[in-house]
Amino acid sequence: MLKKIFALILVSTLVISCGSRKSTGKIATKDAEAVSVIKKHYDTEIKFNTVQGKLRAVYQDEEKTQAVNLSFRMEKDKAIWMSASILGFPVAKAYITPTSVSYYEKVSQTYFKGDFSLVSEFLGTPLDFQKLQNLLIGQAIYDLRTEEYKFTQSPRGFQFVKDDEELMKKMFLLSMANFKTEAQQLIQEKGSRGLTVTYDKYQQIDGLTFPENIRIIANEGGSSTNIDLTYRSLSFNEELSFPFDIPSGYEEISLR
């Protein structure tokens, strides 16, 4: 089960990683109001060192629906760790850093251990830790400062759209109340791929604003896969460990 969840997260990162640019500190969009909104989005980005809690994931594809409870830990910009347990016993773990992706599952007694270049080679496009982290904490997946977007304002919120027919159409919807991300959508028409991420609710914990529920829909061709993530019992800025040791005797999954 956890393998399917991480597969979708990686597929999501696959869809969103094409054409990434690094911020130069300048905002490319020329509209003055849009510039103000973009600045507020980054000024209000949640500032923390670590976060831990519970994460309930409901996975649904065309064949079945499954749910699993996970322990979740993150050290910002450094590590993402998840552990799935049944009746208190861990059955699978994953550990992701900017330079590595590791996973093992006890039921199948299999594991994968590599870096993003190996996974990128397998998927045929670069992966990016930063974009995955942005998705999980409610930031715009792409840096809104690096490209010029068409900006509109409606009762739904502040909307930024960039339509590149050759590469990807990007849409980001920010809240008028707190400038957090309410929805983001990425579409690659050439590859018939699409990713829609919506943030149904945010929660306030110790003065910090963090997503409570995230819905991820990944489409490719005629198929669709969904994950509903719900964060629970979050705590911030505590000293964390990220235990991850692949049990002996497990079979390595090769991506080559």
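If you read the sequence shown in numbering that gives the first Met the number 0, its first letter stands for residue 0, the second for the next number, and so on. Where is the CB? At the ideal position from N, CA and C, for every residue including glycine.
Item: Taking the alpha carbon of LYS130 as the point to measure from, which residue in VAL106, PHE178 and ILE79 has its own alpha carbon closest?; Value: ILE79
Item: For PHE71, collect the residues of the same chain with a Cβ closer than 6 Å to its Cβ; drop the 5 residues on either side in sequence, then sort them by chain order.; Value: GLY52, LEU54 and MET81
Item: Would DSSP call PHE121 helix, strand or coil?; Value: With a pLDDT of 46 at PHE121, under the threshold of 50, the predicted position of this residue should be treated as unreliable, and no value is reported.
Item: Which residues in the same chain as ILE252 place their Cβ atom closer than 7 Å to its Cβ, once the five residues preceding and following it in sequence are excluded?; Value: THR109, TYR110 and PHE111
Item: Let me know if THR113 comes out buried or exposed under the rule of 16 or more other beta-carbons within 10 Å of its beta-carbon.; Value: Rather than Thr, the amino acid found at residue 113 in this sequence is Gly. Result: buried.
Item: Considering only the alpha carbon of each residue, which of ASN133, GLU250 and GLU237 lies closest to THR49?; Value: GLU237
Item: Taking 9 Å as the cut-off, decide whether the C-beta atoms of MET73 and GLN132 are in contact.; Value: yes
Item: Less than 9 Å between the beta carbons of GLN158 and LEU143, yes or no?; Value: no
Item: Taking the alpha helix (DSSP H) that GLN129 belongs to, which residues open and close that run?; Value: 128 to 136
Item: Would you call TYR58 buried or exposed, if buried means 16 or more other Cβ atoms sit within 10 Å of its Cβ?; Value: buried
Item: Count the other CB atoms, across all protein chains shown, that sit within 10 Å of the CB of ASP127; report buried if there are 16 or more and exposed otherwise.; Value: buried
Item: With DSSP as the reference, please indicate the residues paired to GLU146 in a beta bridge.; Value: None; GLU146 has no bridge partner.
Item: State the Cα-Cα distance for the pair THR43 and SER107, rounded to the nearest angstrom.; Value: 43 Å
Item: Where in the region 27 to 107 do unbroken runs of the beta strand (DSSP E), each at least 3 residues long, occur, reported from the N-terminal end onward?; Value: 49 to 59, 64 to 74, 78 to 85, 88 to 96 and 99 to 104
Item: Find out if the Cβ-Cβ distance for the pair LEU207, PHE88 is shorter than 9 Å.; Value: no
Item: Near LYS77, which residues of its chain fall below 8 Å by C-beta distance, leaving aside the five closest residues on each side in sequence?; Value: THR96 and PRO97
Item: With ARG231 as the anchor, note down where its beta strand (DSSP E) starts and where it stops.; Value: 222 to 235
Item: Applying the criterion that 16 or more other CB atoms from any shown protein chain within 10 Å of the CB defines a buried residue, is SER35 buried or exposed?; Value: exposed
Item: Report the residue from GLN152, LYS92 and ASN225 whose alpha carbon sits nearest the alpha carbon of ILE37.; Value: GLN152
Item: With a Cβ-Cβ cutoff of 9 Å, do ALA27 and GLU146 count as a contact?; Value: yes
Item: Taking the CB atoms as reference points, tell me whether GLU32 and PHE150 lie closer together than 9 Å.; Value: yes
Item: Is the region 211 to 221 close to the region 178 to 197, with three or more CB pairs under 8 Å?; Value: yes
Item: Hey, how far is the Cα of GLY248 from the Cα of GLY156?; Value: 53 Å
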